[in-house]
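For the record, the sequence lines run as chains A and B.
Taken in order, the first sequence gives residues 587 to 1039; the numbers are from this note's numbering.
Taken in order, the second sequence gives residues 587 to 1039; the numbers are from this note's numbering.
Using N, Cα and C, we set each Cβ at its ideal position, and we do this for glycine too.
Computed from a predicted structure; not experimentally measured.
What follows is a set of notes on a single structure, which appears directly below.
Protein chains: 2
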Amino acid sequence: MKRILLFFCLFPLFGLAQNTDSVFIKKIADETLLHSDAYENLRYLTKQIGGRLAGSPQMVQAEKWGAKILKQLRADTVYMQECMVPHWVRGGQDKASIVSTNGKKINRKLDVVALGNSLGSKKGVTAEVLAISSYDELERRKSEVKGKIVFYNAPFDPTNVNTGKSYGQTGIYRRNGASRASKYGAVAVLTRSLSLGTNNHPHTGTMVYNDSFPKIPAAALGLEDADYLWNTCKTNKYVTVSLNTYGYFLPDTIGHNVIAELRGTTNEFITLGGHLDSWDNCEGAHDDGTGIVQTMEVLRVLKTLGYKPNKTIRFVLFANEENGARGGEKYAVEAKAKNEKHVLAIESDGGGFTPRGFGFTASKEQIEKIQPWTKLLWPYGVYELVQGGGGTDIAPLNRALQTPLAGLDVDDQRYFDLHHARNDVFEAVNKRELLLGAINMAGLIYLVDKYGF
Amino acid sequence: MKRILLFFCLFPLFGLAQNTDSVFIKKIADETLLHSDAYENLRYLTKQIGGRLAGSPQMVQAEKWGAKILKQLRADTVYMQECMVPHWVRGGQDKASIVSTNGKKINRKLDVVALGNSLGSKKGVTAEVLAISSYDELERRKSEVKGKIVFYNAPFDPTNVNTGKSYGQTGIYRRNGASRASKYGAVAVLTRSLSLGTNNHPHTGTMVYNDSFPKIPAAALGLEDADYLWNTCKTNKYVTVSLNTYGYFLPDTIGHNVIAELRGTTNEFITLGGHLDSWDNCEGAHDDGTGIVQTMEVLRVLKTLGYKPNKTIRFVLFANEENGARGGEKYAVEAKAKNEKHVLAIESDGGGFTPRGFGFTASKEQIEKIQPWTKLLWPYGVYELVQGGGGTDIAPLNRALQTPLAGLDVDDQRYFDLHHARNDVFEAVNKRELLLGAINMAGLIYLVDKYGF
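Structure (structure tokens):
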């Protein structure tokens, strides 16, 4: 009750301050919409550098480019934070086809991509397919698995308006399906791509093996081909598929978080970031080129407006989100070792679409306290500040230092049409949607810097 | 005060009813997301029929197709409401080029499209260009206009987050620029396309002549070419452009509003619609194929759920929004002649993007009364019910019968990238964003049918 009373007592004061705040946030918005480099920076990152998995030459190039841009933006300091990253290599052009149905030879190609971190086979795998739709079915039919390619065909639930919920529900097959099937003697797995798209592009993404079982090849099928294979399996007794993937690991290698600071006058920090790495089968535009260039834009706009922060603002291009999350881990370890006080960490890793809100990993009280900020961000698209959210790269900071987290929530209807697929390209990003994300993050940072969190 | 007291007295009851309402709206959403034909209907309309300006053979085809679909959806009745529509024809492939600068011959093509309703010239126009940025400048430099092609280069203001506001501010040059310049002796006008896009596609759209002045050719340039011509004019004393457009009018012809009804038990009506016509230089996907297939989807979902309305719901595919608005006029005239009581008219004509709200032409009291509905639509993207909105096709109903209006407000950042341009195609529409619009309109109709407005 004390908190609530205090909140209402402060409200009139806050009302007065809101005018100053809305004026400053409008300045942020105008400057961004008029003069941002974010779209052209994204063009360079996606078109000149391209896909940039941890350990790849493109990722080294991206780190250098990132540091160069942050220096050009006149950050108070720019430095590389070294961390060891996994070094997975696709190793070849993934291929799959249906080779026979009921013993009759055919050759129907399937559009396929090896899952990230999966291991290929030198000669490929050719085997009968067991098509199932869930782990429940796998368990019921475990006696049929031996020697087969298990095909998990678990579609996204289209009735989830929040597409991230579907990703959470269905992602288990991509992540753990290989070892779950290998346990019963499967020789490879195919998964239905984690998508709601109206195309046939296959979507990769990270998987993990359970060391107790053989590490079998694993690949994802485009949705049309997943439907085709499913129907083929349902109308034929025996369906044989050939799968060639070539993934392997090189030893862990050196990667870097690229970090810039705008120094404050107190010993507190606010962290803002996205991840610089991307999958190798696309340009990594929405995932997460947009988070990177938005992070740069927030620095640019605050510098351009001559903003002098109270808290030190860290702009972090994280090293390795996609297949290891080692960049975020390293950042948290260093922050803890230095006993840094991080007031809030913000990540943009949901695509460069029109913002709708921020989701927080924070207490209910903290979120209630900041509700008046909604009004300030509303003109730029953010209409809700809610519990639940953050980002893979900043999550370790919460675990290590209990730092509250915020994730930029965007209109997510298009995200899984292109996530980890070849159509995640520069052309899929709208300049203004991208900029609105940067505006709202700059606005949130300004408010947290001024009022705390 | 009486109203406010009544409102709060009703609130607990409404709270109880809300549960029933949220259950029914969830049913609408699930049915739509699982089984809608809207996306495939849009594919047919855009790919098989294509651009469909009033009076064109494609528009006749679209009317027949529309009636067929509405019948298949088992409307209680489907009929054609005849109206006379303008019959403008583009007449040829619009062309423009810079032919000389400072008397030195060059041949730099410009990507150009004649404005809708503009008249072409048999032999084309070749003349010096006067590049200006506003009507103020036109008035100041009116003595320089005679014999020239006036080029209006008024860019969208990028700091308007609401892109429709920019369209309103800058649209005056497309609409009236020809006659304003012709008054001072101009021989043609070029306008900067009404767009914020990052491409060079020129955008057409309707224009009107003032009968007091010669009717000179008028065309729009793509943004890159508008910038190029502007810079050329600013760095050269004389710039000569050649423009060939061929537009002409045939006599007014017969068009139809295609109307379906779901009959209620009272003598009240709710109207829902979009416009079936589109410009001829594109597929008319977002403008307004999406409004058409959403209208059909609302009928489908209400029929499928066995909904028995209190009020008669009219589903209207309007005949001629783009270059005459005659369909909407006719609909209002007929409604007035029959003394129909229309409770609310709803239009979707802002593109098939993710919904954000509804904008109403209604009293402040009416909008206050329906605020609790926000909570019911929130899960499907609609978070605000605000004053200001409607649609060109339903506006006459408000003028004739004071019918309140509602327009579906969507995320509008991408709309003017493709509005009236060759890239307004099927592929630019996301299936789920399209369906969310239909869900919210069906939800609003359900609430208005049950509680009134």
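Go through its chain and collect everything with a Cβ distance to residue i's Cβ below 7 Å, but skip five positions before and after it.
{"i": "residue 728 (chain B)", "result": "770"}
{"i": "residue 694 (chain B)", "result": "683, 684"}
{"i": "residue 615 (chain B)", "result": "966, 1025"}
{"i": "residue 1040 (chain A)", "result": "Outside the shown range of chain A, which is 587 to 1039, sits residue 1040 (chain A), and nothing can be said about it."}
{"i": "residue 905 (chain A)", "result": "640, 669, 671, 841, 842, 843, 862, 863, 912, 913"}
{"i": "residue 636 (chain B)", "result": "644, 869"}
{"i": "residue 733 (chain A)", "result": "713, 771, 773"}
{"i": "residue 749 (chain B)", "result": "782, 998, 999, 1001, 1002"}
{"i": "residue 610 (chain A)", "result": "1032"}
Given residue i, which residues of its chain have a CB within under 8 Å of its CB, disregarding the five upstream and five downstream residues?
{"i": "residue 820 (chain B)", "result": "717"}
{"i": "residue 584 (chain A)", "result": "Outside the shown range of chain A, which is 587 to 1039, sits residue 584 (chain A), and nothing can be said about it."}
{"i": "residue 531 (chain A)", "result": "Because chain A is modelled from 587 through 1039, residue 531 (chain A) falls outside the range shown and cannot be assessed."}
{"i": "residue 867 (chain B)", "result": "637, 676, 699, 790, 1006, 1007, 1008"}
{"i": "residue 622 (chain B)", "result": "883, 886, 887, 1021, 1024"}
Would you give the residue range spanned by the alpha helix (DSSP H) that residue i belongs to?
{"i": "residue 1003 (chain B)", "result": "1001-1004"}
{"i": "residue 762 (chain A)", "result": "749-768"}
{"i": "residue 953 (chain A)", "result": "950-955"}
{"i": "residue 926 (chain A)", "result": "Segment: none, residue 926 (chain A) is in no alpha helix (DSSP H) and carries neither H nor E."}
{"i": "residue 885 (chain A)", "result": "876-890"}
For residue i, tell me which candidate among the options has the shortest Cα-Cα distance.
{"i": "residue 912 (chain A)", "options": "A:853, A:945, A:969, A:982", "result": "A:982"}
{"i": "residue 916 (chain B)", "options": "B:661, B:669, B:932", "result": "B:669"}
{"i": "residue 808 (chain B)", "options": "B:656, B:785, B:817, B:927", "result": "B:785"}
{"i": "residue 690 (chain A)", "options": "A:991, A:737, A:818", "result": "A:818"}
{"i": "residue 1045 (chain B)", "options": "B:1002, B:919, B:994, B:792", "result": "Only positions 587 to 1039 of chain B appear in this structure, which leaves residue 1045 (chain B) out of reach."}
{"i": "residue 939 (chain A)", "options": "A:970, A:1023, A:968", "result": "A:1023"}
{"i": "residue 884 (chain B)", "options": "B:605, B:653, B:975, B:617", "result": "B:617"}
{"i": "residue 882 (chain B)", "options": "B:804, B:646, B:660", "result": "B:660"}
{"i": "residue 997 (chain A)", "options": "A:991, A:894, A:969, A:738", "result": "A:969"}
{"i": "residue 722 (chain A)", "options": "A:739, A:732, A:708", "result": "A:739"}
{"i": "residue 837 (chain A)", "options": "A:749, A:621, A:703", "result": "A:703"}
{"i": "residue 631 (chain B)", "options": "B:1027, B:895, B:1010, B:1037", "result": "B:1010"}
{"i": "residue 932 (chain A)", "options": "A:895, A:941, A:991", "result": "A:991"}
{"i": "residue 764 (chain A)", "options": "A:747, A:681, A:621, A:720", "result": "A:720"}
{"i": "residue 679 (chain A)", "options": "A:708, A:652, A:610, A:651", "result": "A:708"}
{"i": "residue 762 (chain B)", "options": "B:796, B:823, B:646", "result": "B:796"}
{"i": "residue 613 (chain A)", "options": "A:893, A:879, A:731, A:805", "result": "A:893"}
One question on the structure: do residue i and residue j come within less than 8 Å of each other, judged by their Cβ atoms?
{"i": "residue 624 (chain B)", "j": "residue 788 (chain B)", "result": "no"}
{"i": "residue 859 (chain B)", "j": "residue 903 (chain B)", "result": "yes"}
{"i": "residue 1018 (chain B)", "j": "residue 755 (chain A)", "result": "no"}
{"i": "residue 812 (chain B)", "j": "residue 766 (chain B)", "result": "no"}
{"i": "residue 619 (chain A)", "j": "residue 745 (chain B)", "result": "yes"}
{"i": "residue 790 (chain B)", "j": "residue 865 (chain B)", "result": "yes"}
{"i": "residue 876 (chain A)", "j": "residue 1034 (chain A)", "result": "no"}
{"i": "residue 1030 (chain A)", "j": "residue 608 (chain A)", "result": "no"}
{"i": "residue 972 (chain B)", "j": "residue 937 (chain B)", "result": "no"}
{"i": "residue 760 (chain A)", "j": "residue 701 (chain A)", "result": "yes"}
{"i": "residue 928 (chain B)", "j": "residue 987 (chain B)", "result": "yes"}
{"i": "residue 975 (chain A)", "j": "residue 832 (chain A)", "result": "no"}
Excluding the 5 residues preceding and the 5 following residue i in the sequence, name in chain order all residues of the same chain whose CB lies nearer than 6 Å to its CB.
{"i": "residue 898 (chain A)", "result": "847, 849, 850, 855"}
{"i": "residue 592 (chain A)", "result": "Summary for residue 592 (chain A): the model assigns pLDDT 40, below 50, so the residue's position carries little reliability, and this model does not support an answer."}
{"i": "residue 597 (chain A)", "result": "Caution applies to residue 597 (chain A), whose pLDDT of 47 falls short of 50 and renders its modelled position unreliable; the value that the coordinates give is listed next. Within the same chain, residue 597 (chain A) has no close Cβ partners at all."}
{"i": "residue 935 (chain A)", "result": "860, 874, 877, 977"}
{"i": "residue 649 (chain B)", "result": "842, 844"}
{"i": "residue 743 (chain B)", "result": "752"}
{"i": "residue 901 (chain A)", "result": "846, 858, 881, 885"}
For the beta strand (DSSP E) holding residue i, just list the boundary residues, first then last.
{"i": "residue 668 (chain B)", "result": "663-675"}
{"i": "residue 716 (chain A)", "result": "711-718"}
{"i": "residue 847 (chain B)", "result": "834-848"}
{"i": "residue 826 (chain A)", "result": "825-830"}
{"i": "residue 900 (chain A)", "result": "898-904"}
{"i": "residue 685 (chain A)", "result": "681-687"}
{"i": "residue 646 (chain B)", "result": "Unbroken run through residue 646 (chain B) is the alpha helix (DSSP H), 643-658; no beta strand (DSSP E)."}
Determine whether the Cβ of residue i lies closer than 8 Å to any Cβ atom of chain D.
{"i": "residue 708 (chain B)", "result": "Within the model displayed, chain D is absent; protein chains A and B are what it includes."}
For a test of your reading of the model: does the CB of residue i fall under 7 Å from any non-hydrogen atom of the ligand MN? Yes or no.
{"i": "residue 607 (chain A)", "result": "In the structure shown, the ligand MN is absent, as is every other ligand, since no ligand is present at all."}
What are the uninterrupted segments assigned as beta strand (DSSP E) that are 3 or more residues long and contained completely in the region 790-826 of chain B, given in chain order? 804-807
Going residue by residue through the region 992-1038 of chain B, where are the continuous alpha helix (DSSP H) segments of at least 4 residues, counting only ones entirely within it? 1001-1004, 1017-1037
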